[in-house]
Amino acid sequence: MKTTEHGIQDSRDVENMYHMRLMTLLQELVRERGYKGAARVLEIDQRTVAESAKTGRLSRRAREALERALQEGVGSAAARQRERNDKLEERVEALESAMGALRSEMESMGKEARRRLSKVEGAVDALGRDGDVSTKTTGAGHAGAGPSRQSADEGGGGTPEREGSPAPKSPTWREYPELVTLEAADDDEEVFGEAWPLIVEWREMKESHPDEGKGLEWLAGRERLLEVELALMEDHEMTLPPEKQPLHGLDRSGQVSWRRKALFGTRRARARSEIVTWVWRVLTLRWLWTLR
């Protein structure tokens, strides 16, 4: 079999390094124990040890003895390697112990997370049921609302104005005062009355909050937007865009119902996201603590 010049050189380099390792072990034994002590450890005669140490050439017996001593872990290099192995084994055992504790902690946190999620979902379910009842009541009450301003005027029955008394200031007139608009008008505060602060907040959120998104911040904004819209529709009987006329009866109930369902889903998604974020942070801190 042919061997290239480069391959021969590599083989010689390896052989030289191995020879140097054996000689280093021999010199270390002689330095620490003397020729006699080194010969006793290697189980060869003292003269062979002395000749090999002085000339740097190893006989077959000396070479075999040194190889055997190297395999048995004789010498400081082997001792350092054993020390490194022992330390590595200790670290592995400590890491396995920490991982076992971390797994137990993860199981405990998983149970706690499931318990919290179940509690949140139960609360949100209860809120959804209460909202459905409220929606039905609101729709029925609005369907049986009192007469309009025009019918009241036609029916008479009002107290006639006294002669000479100043005419009362007429409120700002708008065809549909219960219809919320995205565009602001000068008389909005007067027209919308008690609903005005919520309308201001709703307009700001509609402008700044994207229709689609993800993450805790977006879910929190979505939740607040739906809460404001439901408050406007249920507490103040307002109608929201894109409607052009006020909604009544089943149409109004449908708009309230889908917002209730959307609020339910948003709150549940936010609760899940908060729990996942909390668990992730705890696990990260635990992991960093184990690496200290």
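Using the working numbering, read the sequence shown as starting at 90 and increasing by one per residue. By construction, the Cβ of each residue, glycine as well, lies at the ideal position given by its N, Cα and C atoms.
(request) Use the C-beta contact count for W347: other C-beta atoms within 10 angstroms, 16 or more gives buried, fewer gives exposed. (result) Here residue 347 refers to the residue found at position 258 when the sequence shown is read from its first residue. When all chains shown are included, W347 counts as exposed.
(request) Take the Cβ of A127 as the centre, count every other Cβ of all protein chains shown within 10 Å, and call the residue buried at 16 or more, exposed below. (result) In the sequence shown, counting from the first residue as 1, residue 127 sits at position 38. Flag for A127 reads buried.
(message) Could you compute how far the alpha carbon of E356 sits from the alpha carbon of E318?
(response) As a first step, residue 356 must be located in the sequence shown, where it is residue number 267. As a first step, residue 318 must be located in the sequence shown, where it is residue number 229. Correcting the residue type first, residue 356 is Arg in the shown sequence and not Glu. Cα to Cα, R356 sits roughly 15 angstroms from E318.
(message) Restricting to Cα atoms, I'd like to know which of R375, A139, S186, R129 is closest to M112.
(response) Against the sequence shown, residue 112 aligns to sequence position 23. Here the closest residue by C-alpha is A139.
(request) Please name the residue in P335, M294, K333 whose C-alpha comes closest to that of E393. (result) Because residue 393 is not part of the residues shown, which for the chain are 90 to 381, the question remains open.
(request) Would you check if the distance between the CB atom of L147 and the CB atom of L114 is smaller than 7 angstroms? (result) Here residue 147 refers to the residue found at position 58 of the sequence shown. Here residue 114 refers to the residue found at position 25 of the sequence shown. Contact flag unset, no.
(message) Let me see if you follow: with CB-CB separation under 7 angstroms, is E326 close to chain C or not?
(response) In the structure shown, chain C cannot be found, because there is only a single protein chain.
(message) Using a 10 Å radius around the Cβ and a threshold of 16 neighbouring Cβ atoms, would you call R47 buried or exposed?
(response) Residue 47 falls outside the range modelled here, since the chain spans only 90 to 381, and no answer is possible.
(request) Out of R361, W367, V130, T328, state which residue places its alpha-carbon closest to the alpha-carbon of D340. (result) The residue you call residue 340 lines up with position 251 of the sequence shown. Answer by Cα proximity: T328.
(message) Checking 7 angstroms against the spacing of the C-beta atoms, do L305 and S342 come in under that value?
(response) Here residue 305 corresponds to residue number 216 of the sequence shown, with the count starting at 1. Here residue 342 corresponds to residue number 253 of the sequence shown, with the count starting at 1. Contact flag unset, no.
(message) For A284 and W262, I'd like the C-alpha separation in whole angstroms.
(response) In the sequence shown, counting from the first residue as 1, residue 284 sits at position 195. In the sequence shown, counting from the first residue as 1, residue 262 sits at position 173. If you take the alpha carbons of A284 and W262, they lie about 17 angstroms apart.
(request) Please classify M106: is it buried, with 16 or more other beta-carbons within 10 angstroms of its beta-carbon, or exposed? (result) As a first step, residue 106 is located in the sequence shown; it is residue number 17 there, counting from the start. Classification of M106: exposed, given that the 10 Å Cβ count is below 16.
(message) Given this structure, state the Cα-to-Cα distance separating E117 from R180, to the nearest angstrom.
(response) Position 28 of the sequence shown, counted from the first residue, corresponds to residue 117. Position 91 of the sequence shown, counted from the first residue, corresponds to residue 180. So the two alpha carbons sit approximately 30 angstroms from each other.
(request) Express the C-alpha separation of T366 and M195 in angstroms, rounding to a whole number. (result) Working through the sequence shown from its first residue, we reach residue 195 at position 106. Working through the sequence shown from its first residue, we reach residue 366 at position 277. Distance between the alpha carbons of M195 and T366: 14 angstroms.
(message) DSSP three-state label for T137, please.
(response) Translated into positions along the sequence shown, residue 137 becomes position 48. T137 falls in the helix class under three-state DSSP.
(message) Quick check on the burial criterion: 16 or more other C-beta atoms within 10 angstroms. Buried or exposed for R203?
(response) Position 114 of the sequence shown, counted from the first residue, corresponds to residue 203. That one is exposed.
(message) Do P299 and V280 have their beta-carbon atoms positioned less than 7 angstroms apart in this structure?
(response) To locate residue 280, count along the sequence shown from 1; it is residue 191. To locate residue 299, count along the sequence shown from 1; it is residue 210. Taking 7 angstroms as the Cβ cut-off, V280 and P299 do not qualify as a contacting pair.
(request) Please list, in chain order, all residues of the same chain as E278 whose beta carbon is under 8 angstroms from its beta carbon, the five residues on each side excluded. (result) Numbered from its first residue, the sequence shown carries residue 278 at position 189. Correct list, in chain order: W285.
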